[in-house]
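Numbering (this note's numbering), first residue to last: -8 to 351.
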C-alpha cells in the first residue's frame, strides 16, 4: 500500500513537471495577416533567457549577420524590452506582441518550442533552427503524437537548419522528406584565442555538465594523487569574455558534453589553446581529432581517468608538445568555425527560403 502511494506521488510530480516544462516550451502568441505586405522580415523566435547560452548567442549572431548582408532580420522575444545582455550586442530585438506576420515574412523557430509548434500561426512560413537534434523529441510523447512529430504535422515548415554534420545526419534520417541545411557555429577568434604565454597548471571544467560523473572522475583522480600540483578551475555563469579569459588560463580542459548539437565549451577551450580531454557529446565528433585532443568513449569513466593521467604526464614530460597540440586545435577551430563561413551558410539558406515575392 505504501509502495503504491509512493508511485502515485512520483507519477503526480512527474505530470506536474511535464506540464511546467510544456509551459516553458510554449511560444508566445503571434498574429498573422494574409494581407500583410512589406519587404519580408526574418524573425528569430528566441526564449527570454538571460543565462549564458551558446544557443541564444547563435540566434543573435544570425540576426546580426543577416542584417549586415541586407536581409531584414529581428530577434523576437516574448516580453517587451527584453534583451540578452551577458554578451555585448546591439542586435535588432522586438516583442512578439508588437509584430504581425505576413506571407513575405519567415519565422525561424528553435527546436526548444517543438512540443508546441501547433500553437504558431499555420500559414506562417517557418524554418526550424534545431541546435540539438538529440533534443528534438523532448516533451513530445510517443503515444500521443503522430508519425513524424513534431515537424510533419506542423504546417508551414519549409526546412530544418542545424549546427553540425553529426546533427544534420540524424535529422535527415528521421525526417527524410524535409530539407536539412547546415549553419555552422562561430567561435569568435577575437574572444577565444590562445594566451600570449603558455597556460599554468590549471584544469578547466564546467561543473554543471554531467555533475555526478564529474565528481566520480575527480574522486578517482584525487585518490590516485593525479591532481597534485594542479588547480581545478570551475567555469560557470560567466560572461563570454570572462569565460574566454578562464579558458586561456588553463592548460587542460575536461569536456563533459552530452548529446550535444555541437558542443561549444570544448570548441571554445580548443580555440583558447587548451588541450581538451573528454566526451565528444556526439555533436563534437565534427571537431574532436585525436591529433590535437583526446576524445573519450561515451560513458567510459575508467578510460576518461586514464586519459587525464596521460595528458598530465605528457605535460610533465614535454609541456611544449601539449602546448603545440593546443595551438593546432585552435587553428583547426578558427579555420572552420568563423563568421565568414556562417555568413556564406546563411546566404545559401536564405537565397532558397527568401521572401517569395522577391525575384532571384
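Idealized CB from N, CA, C, for every residue including glycine.
Continuous beta strand (DSSP E) assignments of at least 3 residues falling wholly in the region 228 to 311:
241 to 248, 266 to 271 and 285 to 287
For residue 339, count neighbouring Cβ atoms within 10 angstroms of its own Cβ and tell me buried if that reaches 16, exposed if not.
exposed
Rounded straight-line distance, which links the Cα of residue 240 to that of residue 149
44 angstroms
Hey, quick one: how far does the beta strand (DSSP E) through residue 64 stretch, first residue to last?
64 to 68
Tell me whether the beta-carbon of residue 281 lies closer than 7 angstroms to the beta-carbon of residue 267.
no
Spatially closest choice to residue 172 from 76, 182, 189 and 153, by CA coordinates
153
Given 8 angstroms as the limit, is there contact between the region 324 to 337 and the region 296 to 309, that is, 3 or more CB pairs closer than that?
no
Any heavy atom of the ligand COA within a distance shorter than 6 angstroms of the CB on residue 251?
Ligands in the displayed structure: none, and consequently the ligand COA is not present.
According to DSSP, simplified to helix, strand and coil, what is residue 213?
helix
Reference residue 70, options 236, 38 and 215, closest by Cα:
38
Between the C-alpha atoms of residue 333 and residue 277, what's the straight-line distance to the nearest angstrom?
16 angstroms
Helix, strand or coil: how does DSSP classify residue 125 here?
helix
Do you know offhand how far residue 244's Cα is from residue 31's?
44 angstroms
Starting from the Cα of residue 109, find the closest Cα among 120, 35 and 136 and give me that residue.
136
Given that a residue counts as buried once 16 or more other Cβ atoms are within 10 Å of its Cβ, and exposed if not, what is residue 196?
buried
Compute the Euclidean distance between the alpha carbons of residue 62 and residue 184, then round it to the nearest angstrom.
30 angstroms
Can you look up residue 176 in the DSSP assignment and give me helix, strand or coil?
coil
Between which residues of its own chain and residue 324 is the CB-CB distance below 7 angstroms, once the five residues before and five after are set aside?
178, 258, 261, 262 and 278
If we count the other Cβ atoms within 10 Å of its Cβ and call it buried at 16 or more, is residue 286 buried or exposed?
buried
Relative to the C-alpha of residue 341, which candidate in 316, 26, 118 and 297 has its C-alpha closest?
118
With DSSP as the reference, label residue 143 as helix, strand or coil.
coil
Please classify residue 14: does DSSP put it in a helix, a strand, or coil?
helix
Within 10 angstroms of its Cβ, does residue 274 collect 16 or more other Cβ (buried), or is it exposed?
buried
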